[in-house]
Structures are given as structure tokens and as C-alpha cells.
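Student: Residue numbers (UniProt numbering): 1 to 421. All residues carry an ideal CB built from backbone N, CA and C; glycine is no exception.
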Ligand SMILES: [Zn+2]
Ligand SMILES: [Zn+2]
């Protein structure tokens, strides 16, 4: 095993959020680095070797495999019972003609995290053999953008909300697969906190020898035509080349003003939020009569039946979060466009908050998926997803993409000079 020492000299780091160029001293084991200007996590807790993320990602993968081996939940009412596996949640959505929602559920809860864990385990293992593996570099530069789309933890909350919603109507049993899913989600979160991308990249592809010789610290990157590679976090002069000298990732859109794209995505999300509230998100069939429920109708029903804590969770996740996110991002776009830089740290905090809470809006979509898969007792009781589930999922995805396209460097008044790019 080659436990390589940490870099012993200072290195140049560029904050991807506020564009500040800084000198980063060598980190001791477990030491993280933050941007002095915006407090962004420039480097995670330093890992001397890649054994820990490797072990945690393998443990998470084993638990993920167990999720598919057992029953997830079972439901019975008046002698009619039904047991669902994890895959049934997606199967129910596909069965009710919502294949895109089924794909979204599988993609965000198990597909993407599974792929991420497998790739990470491979990279941690290959990193021990030293740099120069082009396939590993190719994989590594594509891995990090996947992180915001992993929603296993959101799905667990969705399952718990579903169970509380129907616990008074039927007898519910939790299966071993659900326990395995909870452990898998916890292991996944732990693995994410253990990845030290800077040390991992040092092992996969060493820093280009002359990358930092003409870079000045204590200035913005834009003032030196310096950008940070979105693949490997290495600063490089984009005026000289558009592909990263370390990982080869191309950055052809340097200088492109993406704020129009953020506006367009926000407008799309706002339009989609209208059908998401007009149409029913699910329909409950009980003793032959069908009761369609909108998002707000469902919240009011929960309040009337005394389940106000669950009503509050759904109201916050499905109404407060999406609306606040659209308003907050709209305001940040205005601040960036008109140069309102009086309080950039507060604007930055607002952006990070919208980015963090946005994915939790998916709770209601997951609730619908779980209930549709679980509550299947024929005409006695059945739950069917409604068209609003699709529009609402699209609102969540659009607002998440809008947040990802927003260029936070513009909040600090350090815009790109597109002409000099
Ligand atoms: Zn910063
Ligand atoms: Zn790169």
C-alpha cells in the first residue's frame, strides 16, 4: 500500500463560489480549508490515503444490494394485504403511466448514488497505484457534478411521511429492505463527507508543473483570466487554453453569460407550478368512491384529520420551499445583473440555503410513489398518482438546475470579461 504523503508546499486555490485566488498551506490529516472571503469549503478534510472512503463506499454498496433482496413495506386492511419491494415504488409509477417519474425516482435514490459509489471505490483503489490512468481521470472529472442529484435521504423522509399518513387506516409493517435502505443512505452521506477531492486528484494526476507560476493571490480569478476547472478544481488561464491542463476537461463556454439561462429555467418552473397546484397530485379510492387531492387539498385534509405535523412537512416542502426558492433565485439574479453588491455574504448565504433545501421538495413526489405502490387493496382502498406529481417533480428539477446554473461569482461584483476571453 502506498500511503503517499500530503503535498508539503503551499498551493494556489481558486474559490469556485466567489472567485478569490488564495494560497493554501499544506493540510494536516483531517484538516479542511475554507475561503477567507466567502467561507466556501475549498478543500474537504484531508485524507492521508483513500482507504476510508473506499471502505465506506463498499459498505454502502453492500447495503444497496441488500435493498433489492428483501421486502420493503407491507400493508394490510380488513384482511386484504399487499407487500411491496423497493422496485415496486418505481413500478407503480410506471404502471400508472408515469415512466418519467419512475425513472427519476430510481435515478435519484439508487441509480446515480450506486454509480457514484462504484466509481468512487474504483478511483480510491486505482489511486493507490499512482497517477497516469487516463480512464480514471476521465471518470473522476465527471463524478462531482452528480452529488446534488442524490436523494436517498429525501426518499426516507418521503417513506416516513407516507407511513404516518396511512398508519391509522391500515396495518403497516416495515421490511428488512427499508432498514437496509436507511443504513445505505447513512453510509452514502458519510462517504460524501470523507472524499478529499484535492488529495484524490493529487494521486490521479499531479498538478501541472507551471500551473501556478503566473498566478497572483489576493485578487479575483476573473481579473487574471483565471478559471477553476469544474472537473478537477485546478485553476488555469483560460485565455491561453480552454481545456484543463490537468484533467483535459473542456471549458468552451468561458465568458458566456448564463444569467439568461437561469431566468429561463425559473420562468419554466413558475409556469409548471400552476398545473402542479391545479391538478390532483394523487387520487384515493376508498370503498368504490374516488377522491382526487391537490397539494393544498392534501395539506388541508391532513390538518382536518389532526395530522398537522405531517401537514406542516408537506406544506413546507411543496409550497414554501419551491416558492421561496423561485423568489430568492429571482432576487439573486437581479442582484447579479444590477450589481447590488452591498451585502454579498448575505446573498451568498441565501444562495447556499436555496441550493441545500431545494431537493427536499421532492418529498411529496416520493410520498405519492410509495403510497401508490403500497396501498393496493382493489376497490377497498387504492392510491393513484395524479398529473400534478409530474408537473411538481419538473418544478423541483427546474429550480435545482436553475440554482446550479447561477454563477455565484457575479454576486461579488467580479464578472467575467467576455471580450477578453
Ligand atoms: Zn470564496
Ligand atoms: Zn481539470
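Please state whether the Cβ-Cβ distance between residue 294 and residue 275 is less than 7 Å.
Tutor: If you number the chain shown from 1, residue 294 lands on position 294. If you number the chain shown from 1, residue 275 lands on position 275. Cβ atoms of residue 294 and residue 275: not closer than 7 Å.
Student: Please determine, among 160, 176 and 83, the residue with the shortest C-alpha to C-alpha distance to residue 314.
Tutor: If you number the chain shown from 1, residue 314 lands on position 314. Here the closest residue by C-alpha is 160.
Student: Give me every residue whose Cβ sits closer than 6 Å to any heavy atom of ligand 1, in chain order.
Tutor: 15, 17, 18, 20, 35, 37, 38 and 40
Student: With a 10 Å radius around its C-beta and 16 neighbouring C-beta atoms as the bar for buried, classify residue 356 as buried or exposed.
Tutor: On the chain shown, residue 356 is found 356 positions in, with the first residue counted as 1. Per the 10 Å Cβ criterion, exposed.
Student: To the nearest angstrom, report how far apart residue 236 and residue 384 are at their CA atoms.
Tutor: One-based indexing of the chain shown puts residue 236 at position 236. One-based indexing of the chain shown puts residue 384 at position 384. Their backbone Cα atoms lie some 52 Å apart in a straight line.
Student: Report buried or exposed for residue 331, applying the criterion of at least 16 other Cβ atoms within 10 angstroms of its Cβ.
Tutor: Position 331 of the chain shown, counted from the start, is the residue given in the question as residue 331. Per the 10 Å Cβ criterion, exposed.
Student: Can we say the stretch 258 to 269 touches the stretch 33 to 52, given the rule of at least three CB pairs closer than 8 Å?
Tutor: no
Student: Evaluate residue 184 with the Cβ neighbour count: other Cβ atoms within 10 Å of its Cβ, from every protein chain shown; 16 or more gives buried, anything less gives exposed.
Tutor: Locating residue 184 in the chain shown gives position 184, where the first residue counts as 1. By the Cβ neighbour-count rule, residue 184 is buried, with 16 or more other Cβ atoms within 10 Å of its own.
Student: Among the candidates 259, 386, 38 and 142, whose CA atom is the shortest distance from the CA of residue 97?
Tutor: For the purposes of this step, residue 97 is taken as the residue at position 97 of the chain shown. Measuring from the Cα of residue 97, the nearest candidate turns out to be 386.
Student: Looking at the secondary structure, which residues open and close the beta strand (DSSP E) in which residue 148 lies?
Tutor: In the chain shown, residue 148 corresponds to position 148, counting from 1. Residue 148 -> no beta strand (DSSP E), and no H or E assigned at all.
Student: Measure from the alpha carbon of residue 87 to the alpha carbon of each residue in 99, 68 and 382, then state which is nearest.
Tutor: On the chain shown, residue 87 is found 87 positions in, with the first residue counted as 1. Here the closest residue by C-alpha is 68.
Student: Give the C-beta separation of residue 372 and residue 92 to the nearest angstrom, bearing in mind that I take them to be a contact with Cβ-Cβ under 8 Å.
Tutor: Start at 1 with the first residue of the chain shown, and residue 372 comes out as number 372. Start at 1 with the first residue of the chain shown, and residue 92 comes out as number 92. Yes, they are in contact, since the Cβ atoms of residue 372 and residue 92 sit about 4 Å apart, within 8 Å.
Student: In angstroms, rounded to a whole number, what distance separates the CA positions of residue 117 and residue 109?
Tutor: For the purposes of this step, residue 117 is taken as residue 117 along the chain shown, with counting starting at 1. For the purposes of this step, residue 109 is taken as residue 109 along the chain shown, with counting starting at 1. Approximately 12 Å between the Cα atoms of the pair.
Student: Starting from residue 82, follow its DSSP beta bridges and name the residues at the other end.
Tutor: Counting from one through the chain shown, the residue named residue 82 turns up at place 82. Note: residue 82 sits in a beta bridge opposite 75.
Student: Does any residue of chain B bring its CB to less than 7 Å from the CB of residue 40?
Tutor: Looking for chain B here will not work: only one protein chain is present.
Student: Going by the CB atoms, is the gap between residue 221 and residue 404 shorter than 7 Å?
Tutor: By 1-based counting over the chain shown, the position of residue 404 is 404. By 1-based counting over the chain shown, the position of residue 221 is 221. Taking C-beta atoms as the reference points, residue 404 and residue 221 fail to come closer than 7 Å.
Student: Could you give the first and the last residue of the continuous alpha helix (DSSP H) run that contains residue 364?
Tutor: Within the chain shown, residue 364 is the residue found at index 364, counting from 1. Per DSSP, residue 364 belongs to the alpha helix (DSSP H) from 363 to 374.
Student: Determine, using beta carbons only, whether residue 56 and residue 112 come nearer to each other than 7 Å.
Tutor: In the chain shown, residue 56 corresponds to position 56, counting from 1. In the chain shown, residue 112 corresponds to position 112, counting from 1. Against a cut-off of 7 Å, the Cβ pair of residue 112 and residue 56 comes out as no contact.
Student: With which residues is residue 293 paired in a DSSP beta bridge?
Tutor: Along the chain shown, read from residue 1 onward, the residue named residue 293 stands at position 293. For residue 293, which the question treats as bridged, DSSP gives the partners 282.
Student: Taking the continuous alpha helix (DSSP H) assigned at residue 311, which residues delimit it?
Tutor: Counting from one through the chain shown, the residue named residue 311 turns up at place 311. Run containing residue 311: 308 to 315, per the alpha helix (DSSP H) assignment.
Student: Using a threshold of 6 Å, is the CB atom of residue 250 nearer than that to any non-hydrogen atom of ligand 2?
Tutor: As a position in the chain shown, residue 250 is number 250, starting the count at 1. At a threshold of 6 Å, residue 250 does not count as near ligand 2, since its beta carbon sits no closer than that to any of the ligand's heavy atoms.
Student: For the beta strand (DSSP E) containing residue 411, name the first residue and the last one.
Tutor: As a working mapping, residue 411 is identified with position 411 in the chain shown. According to the DSSP assignment, residue 411 belongs to no beta strand (DSSP E), since it is labelled neither H nor E.
Student: Count the C-beta pairs between the stretch 70 to 86 and the stretch 117 to 131 that are closer than 8 Å, then say yes if the count reaches three, no if not.
Tutor: no
Student: Around the Cβ of residue 260, are there at least 16 other Cβ atoms within 10 angstroms (buried) or fewer (exposed)?
Tutor: Position 260 of the chain shown, counted from the first residue, corresponds to residue 260. Exposed.
Student: Ligand 2 and residue 231: does the residue's C-beta get closer than 6 Å to at least one heavy atom of that ligand?
Tutor: Taking the first residue of the chain shown as position 1, residue 231 is located at position 231. For ligand 2, at least one heavy atom lies less than 6 Å from the Cβ of residue 231.
Student: Less than 7 Å separating the beta-carbons of residue 412 and residue 18?
Tutor: Taking the first residue of the chain shown as position 1, residue 412 is located at position 412. Taking the first residue of the chain shown as position 1, residue 18 is located at position 18. Less than 7 Å separates the beta-carbon of residue 412 from that of residue 18.
Student: Confirm, please, whether the CB-CB distance from residue 58 to residue 121 is below 7 Å.
Tutor: On the chain shown, residue 121 is found 121 positions in, with the first residue counted as 1. On the chain shown, residue 58 is found 58 positions in, with the first residue counted as 1. Contact flag set, yes.
Student: Hey, is residue 246 close to ligand 2, as in C-beta under 6 Å from one of its heavy atoms?
Tutor: Within the chain shown, numbered from 1, the residue matching residue 246 stands at position 246. Yes - ligand 2 has a heavy atom lying nearer than 6 Å to the Cβ of residue 246.
Student: Helix, strand or coil for residue 319, going by three-state DSSP, please let me know.
Tutor: For the purposes of this step, residue 319 is taken as residue 319 along the chain shown, with counting starting at 1. DSSP places residue 319 in helix when its eight states are reduced to three.
Student: CA-CA distance, residue 289 and residue 375?
Tutor: As a first step, residue 289 must be located in the chain shown, where it is residue number 289. As a first step, residue 375 must be located in the chain shown, where it is residue number 375. Using only the alpha carbons, I get a separation of about 15 Å.
Student: What do you get for residue 212, buried or exposed, if any count of 16 or more other CB atoms within 10 angstroms of its CB means buried?
Tutor: As a position in the chain shown, residue 212 is number 212, starting the count at 1. Confidence in residue 212 is poor, its pLDDT being 49 and thus under 50, which makes the residue's placement unreliable; the coordinate value appears in the next sentence. By the Cβ neighbour-count rule, residue 212 is buried, with 16 or more other Cβ atoms within 10 Å of its own.
Student: Between residue 143 and residue 119, which are expected to be in contact by the criterion C-beta below 8 Å, what is the C-beta distance as a whole number of angstroms?
Tutor: Start at 1 with the first residue of the chain shown, and residue 143 comes out as number 143. Start at 1 with the first residue of the chain shown, and residue 119 comes out as number 119. At roughly 6 Å, the Cβ-Cβ gap stays under 8 Å, so residue 143 and residue 119 are in contact.
Student: Just checking residue 119 against ligand 2 - is the residue's beta carbon closer than 6 Å to any of the ligand's heavy atoms?
Tutor: Here residue 119 refers to the residue found at position 119 of the chain shown. Not under cutoff, so the answer is no.
Student: According to the neighbour-count rule (16 or more other Cβ atoms, all chains shown, within 10 Å of its Cβ), is residue 53 buried or exposed?
Tutor: Residue 53 sits at position 53 when you count from the first residue of the chain shown. Residue 53 comes out buried.
Student: How many angstroms separate the CA atom of residue 162 from the CA atom of residue 73?
Tutor: Taking the first residue of the chain shown as 1, we reach residue 162 at position 162. Taking the first residue of the chain shown as 1, we reach residue 73 at position 73. Answer to the nearest angstrom: the Cα atoms are 11 Å apart.
Student: Determine the closest residue to residue 195 out of 180, 51 and 297, with distance taken between C-alpha atoms.
Tutor: Here residue 195 corresponds to residue number 195 of the chain shown, with the count starting at 1. Looking at the Cα atoms, 51 is the closest of the given residues.
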